[in-house]
Amino acid sequence: MSDTRPAPLTGLKVVEISAFVAAPLGGMTLAQLGADVIRIDPIGGNIDANRWPISDDGTSIYWASLNKGKRSVTLDLKSEEGQKIATDLIAEAGTLITNLPARGWLSYENLKQHREDLVMLRLGGWHDGSPAVDYTVNAASGFPTITGDDERPVNNAVPAWDVAAGLYIANGIMAAELDRRTSGKGQEITLALSDVMLATVGNLGYIAEVQATGKTRGALGNGLYGAYGQSFECADGRQVMVVVISNKHWRGLGKATGLSEKLEMIGPLLDVDLNTEGGRFEAREAIDAVVRPWFAKHAAEEAEAALAEAGVLVGGFQTFEDLVTNDPRCSTENPMLTEIDQPGIGRVLAPRVPLAFGGTPVADAVPAPALGEDAAEVLKTELGLDAAAQAELESTGVLDFGK
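Sequence positions in the sequence shown follow numbering that gives the first Met the number 0 and run 0 to 402.
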């Protein structure tokens, strides 16, 4: 008999009042795990509603990509009536995610009066309350000074702290929900984007390294700190990344390139143990010099195939276009990816949550809503407002039914 259990978070209701990456990603992660997530925006959309990239007709691909599977309501959040409806929706759901200033009607103290067991997660910038975004937090992290291959700091194009914060948000909500189910009590959860960065810097050992050794790392380009890794240009001009972590990988590099004997000579010459990660790191420049001519004589596809067959970790560098158009791993051959018809954008590949559950399967990705398109349904099912009441709200400018 097949297992027909629902998605893991079925029954959890969440209201999200947010903008940009972290909070929307947290809400979408919960939605893709089965939660009913209602995103409330001001009429016309929040500050991120039209953020690039955009489609030919001006639809924000960015916004649609971060809001799949949610329901959308747009209200005049500056009006008392709009704030009251939003408050009622939060009280009905019992859970709120926001990265907006939690003052006045949106404060935990106020909202708790309408739902005693409210769970509210609030994301901020720095822990002292000062504002920050991913790229300003990253500038302070130390990582830009070891990114690239010269002394100029380079900010990572991936908003890593926003992404990590979004996943912390989902974890925080689930933890508080588990607690509420046993204790019957809600709570306010606060998360600073800067603390996501600092936790990661600490968890990866960078803080302790400075304190214990008094040293800081320099830029290594595509080199791998503490082990052997390097990028190489091949005969066809393409670049491949090679990573050697285990002794099996090290032997495989020699086997694939036919350079085992020359590589073995490096250890005695430099007085390092090439059977250790640290030894290979110390000898990285000599290893580079020995194997680089081999890559220059082989096309990238040929080099990747030989190294992979020998058990070496290898990957070719790709553009986004290469990934989307040529790589079968970024296609429906990968069960994580689904083709959806996103209004205003067209038919696109969209990921579901990348967790594969054996007993509680999650749904394929579904399109993001248009701004306000679910207002009628949400206000009827959640608050019992009939068509006449909704029409009155629309006539006064409190409610908008979307595009």
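Backbone N, C-alpha and C define an ideal beta-carbon position, used for all residues, glycine too. Predicted model, so just to flag it, every value in this text is computed and none were measured.
Residue pairing by DSSP places S71 opposite R38 in a beta bridge. Just so you know, the alpha carbons of A198 and L65 end up roughly 24 angstroms apart.
Counting along the chain, V323 sits inside the alpha helix (DSSP H) bounded by residues 319 to 325.
For R351, no beta strand (DSSP E) encloses it, and the DSSP letter there is neither H nor E. Boundaries of the beta strand (DSSP E) around F231: 227 to 232.
A Cβ-Cβ separation of about 10 angstroms leaves I172 out of contact with L32 under the 8 angstroms criterion. The straight-line gap separating the alpha-carbon atoms of K83 and G44 is approximately 18 angstroms. Distance from G228 to V239 at the Cβ level is roughly 11 angstroms; contact not present, criterion being Cβ atoms closer than 8 angstroms. DSSP places A156 outside any beta strand (DSSP E), giving it a letter other than H or E. For secondary structure counted as the alpha helix (DSSP H) over 4 or more consecutive residues, the segment 255 to 304 holds these complete runs in sequence order: 259 to 269, 276 to 281, 283 to 295. Here the C-alpha atom of T318 lies approximately 39 angstroms from the C-alpha atom of D127. Around the beta carbon of Y107, 16 or more other beta carbons lie within 10 angstroms, which makes this residue buried.
A Cβ-Cβ distance of about 7 angstroms is found for the pair D40 and A48, placing them in contact under the 8 angstroms criterion.
Proximity of the segment 89 to 98 to the segment 391 to 400 falls short of the contact definition, fewer than three beta-carbon pairs being nearer than 8 angstroms. Considered as a whole, the segment 158 to 187 harbours 159 to 182 as its complete alpha helix (DSSP H) runs of no fewer than 4 residues, in chain order. Straight across, the Cα-Cα distance linking T73 with A374 is about 7 angstroms. Pairwise C-beta distances place the segment 157 to 171 out of contact with the segment 203 to 217, as fewer than three of them are shorter than 8 angstroms.
Assignment of R121 by DSSP, reduced to helix, strand and coil, places it in the strand class.
The criterion of a C-beta distance shorter than 7 angstroms is not satisfied by R38 and K12. The segment 165 to 181 makes contact with the segment 8 to 25; the number of CB pairs closer than 8 angstroms reaches 3 or more. For T3, there is no enclosing alpha helix (DSSP H), since its DSSP letter is neither H nor E. DSSP, read as helix, strand or coil, puts M196 in helix.
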